[in-house]
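Numbering (this note's numbering), first residue to last: 3 to 441. Glycine included, each C-beta is placed from N, C-alpha and C at the ideal position. These notes concern the structure reproduced below.
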Amino acid sequence: MQITIVGTGYVGLVTGTCLAEVGNSVLCVDTDARKIDLLNQGGIPIHEPGLESLVLENTNAGRLEFSTDIERGVRHGEVLFIAVGTPPDEDGSADLRHVLAVAGDIGRNISEYKVVVTKSTVPVGTAKKVSEAIRSELVKRNVAVDFSVASNPEFLKEGAAVEDFMKPDRIVIGADDDRAIGKMRELYAPFTRSHDRAIIMDISSAELTKYVANALLATKISFMNDMANLAELLGADIELVRQGIGSDPRIGYHFIYPGVGYGGSCFPKDVQALYRTAREHNYDARILKSVEEVNNDQKMVILKKIEQHFGSDLSGKRFAIWGLAFKPDTDDMREAPSRVIMEGLWAMGAKVAAFDPVALEETARLYKNRKDLFLVNEPNEALDGADALIIVTEWKLFRSPDFSAMKERMRQSVIFDGRNIFHPQAARDHGFVYYGIGR
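Written out as structure tokens, the structure is:
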């Protein structure tokens, strides 16, 4: 099939590349000329395991192209995916300006039947607005062209997005006409050979499904963090509690790991947007409000523990941070807990030496040339002269520590384990003062 993806961010690039991988002719369009130049030169603007090689392979095979020409993009695709950003507006609602701008571009250039698909995470009712924007441009042109609008939300995990797309657990298709449903089934047929993973529903339900999925996962995280804070007060170990409840198949082990809060481009934005949608319909979604409040508080928990141990004046103190990205296997720093922690330490006068396997470049871009931030290339290098180690992201290479070697490099033997990846007694047996989450 001929496919056009508008937007070459995280969702658009993964979607376009994986659709090309199964034999489609895919044209990815973006207004960012620098990003398109990078992609045409064989680079990619994000870190995602397995993606770069797939992009190169499909580009060389001629199945995947990149352009800034939206007119060409509309001509090319029989299915047009809108995969541009929907950043939170000042009031927390999703900003649809980019989505509707693409819809306008489609309306100005469409000349034959197309299926227009919203792939971006958008509030309920967006497909209707997209349809109206396209139709408005057609009226201005005084032409009649048939088209369908569908919703096809993504359920990709950063760090495992390629595998998630190639082996989906479900493919949600929201459409109100058989022609669009037929096109979408045809497109996704290569991904449903073993069994039909497509779930067909109305557009409003499809749009809501994505928000509810992310909000529920965020709720599990915030609930567990709330219980971790209670466990500390009760003298219990939340890690043992986690094992006790996770063994119940009705609960499971996913998303019940306590820590320093969630971040990234999805959960914070989507919880806010869903809460705002509820308010617009005069409904107070109290759980959603609490989920966000608990998460914001949780990002401060490590700072509070540091203040309790060292006091509020950290002048002359140096802290090592392991992990900067909001989760492993990505360089995404959006809403990352590490940012709150570093900025809090700087506000109290401390210096920070930080390591992350892939997010150093993005961190340098965000914080430019701060004299109180030292980005290092090895985990142990961050420990030199440190008064404490803070673990923020649970990268696998942090899981087998050499406590003796760590202690030799540090000025003081203190660990603030924001992901509970160390065993408390093992750290204490090596002379460390250990602070975990809910332990």
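- If you ignore the 5 residues before and after residue 234, its C-beta comes within less than 6 Å of the C-beta of 440, all in its own chain and listed in chain order.
- Cα atoms of residue 194 and residue 231: separation of roughly 43 Å, rounded to the nearest angstrom.
- The stretch 303-316 makes no contact with the stretch 360-369, as fewer than three CB pairs between them are under 8 Å.
- Linking residue 303 to residue 65 through their CA atoms gives a straight-line distance of about 48 Å.
- The residue among 188, 213, 215 and 183 with its C-alpha nearest the C-alpha of residue 203 is 183.
- Remark: C-beta atoms of residue 400 and residue 417 do not approach each other more closely than 7 Å.
- Residue 352 has its alpha-carbon roughly 6 Å from the corresponding atom of residue 320.
- Taking the Cα positions, residue 70 is about 32 Å away from residue 274.
- Contact annotation, residue 342 with residue 323: C-beta distance approximately 12 Å; criterion of less than 8 Å not satisfied.
- Our two residues, residue 245 and residue 206, have alpha carbons roughly 37 Å apart in a direct line.
- In the DSSP assignment, residue 419 falls within the beta strand (DSSP E) that extends over 416-419.
- According to DSSP, residue pairing for residue 324 in a beta bridge involves 357 and 393.
- Across the structure, residue 248 and residue 155 are spaced so that their CA atoms are roughly 28 Å apart.
- Closest in C-alpha terms to residue 111, from the list 251, 149 and 95, comes 149.
- Per DSSP, reduced to three states, the secondary structure at residue 145 is coil, with no helix or strand assignment.
- Going by DSSP, residue 375 is part of no alpha helix (DSSP H) but of the beta strand (DSSP E) stretching over 375-377.
- Check the Cα spacing between residue 283 and each of 339, 125 and 15: the tightest is with 125.
- Contact between the stretch 119-136 and the stretch 37-51 is absent, with fewer than three C-beta pairs closer than 8 Å.
- In the three-state reduction of the DSSP assignment, residue 264 falls in the coil class, being assigned neither a helical nor a strand state.
- Note on geometry: alpha-carbon atoms of residue 377 and residue 72 lie some 40 Å from one another.
- Within the DSSP bridge table, the entry for residue 69 names 31 as partners.
- Counting only residues of its own chain and dropping the five nearest sequence neighbours on each side, residue 372 has a CB closer than 8 Å to the CB of 348.
- If the five residues before and after residue 291 are omitted, its C-beta is found closer than 7 Å to the C-beta atoms of 277, all from its own chain and listed in chain order.
- In the structure shown, the three-state DSSP call for residue 340 is helix.
- The beta carbons of residue 330 and residue 398 sit about 7 Å from each other, so the pair counts as a contact at 8 Å.
- Per the coordinates, the alpha-carbon of residue 263 lies some 7 Å from the alpha-carbon of residue 224.
- Across the structure, residue 213 and residue 317 are spaced so that their CA atoms are roughly 43 Å apart.
- The Cβ-Cβ distance between residue 28 and residue 75 does not fall below 7 Å.
- Apart from sequence neighbours up to five positions away, the residues of its chain that approach residue 93 with a beta-carbon distance below 8 Å are 278, ordered along the chain.
- In the three-state reduction of the DSSP assignment, residue 112 falls in the coil class, being assigned neither a helical nor a strand state.
- Taking a contact as a CB-CB distance under 8 Å, the pair residue 421 and residue 396 counts as one, their CB atoms being some 4 Å apart.
- Under DSSP, residue 151 forms a beta bridge with 118.
- Counted as a single uninterrupted DSSP element, the alpha helix (DSSP H) harbouring residue 308 occupies residues 303-312.
- Here the alpha carbon of residue 293 sits roughly 45 Å from the alpha carbon of residue 62.
- Rounded to the nearest angstrom, the gap between the Cα atoms of residue 132 and residue 105 is 6 Å.
- With contacts defined as CB atoms closer than 7 Å, residue 388 and residue 412 qualify as a contacting pair.
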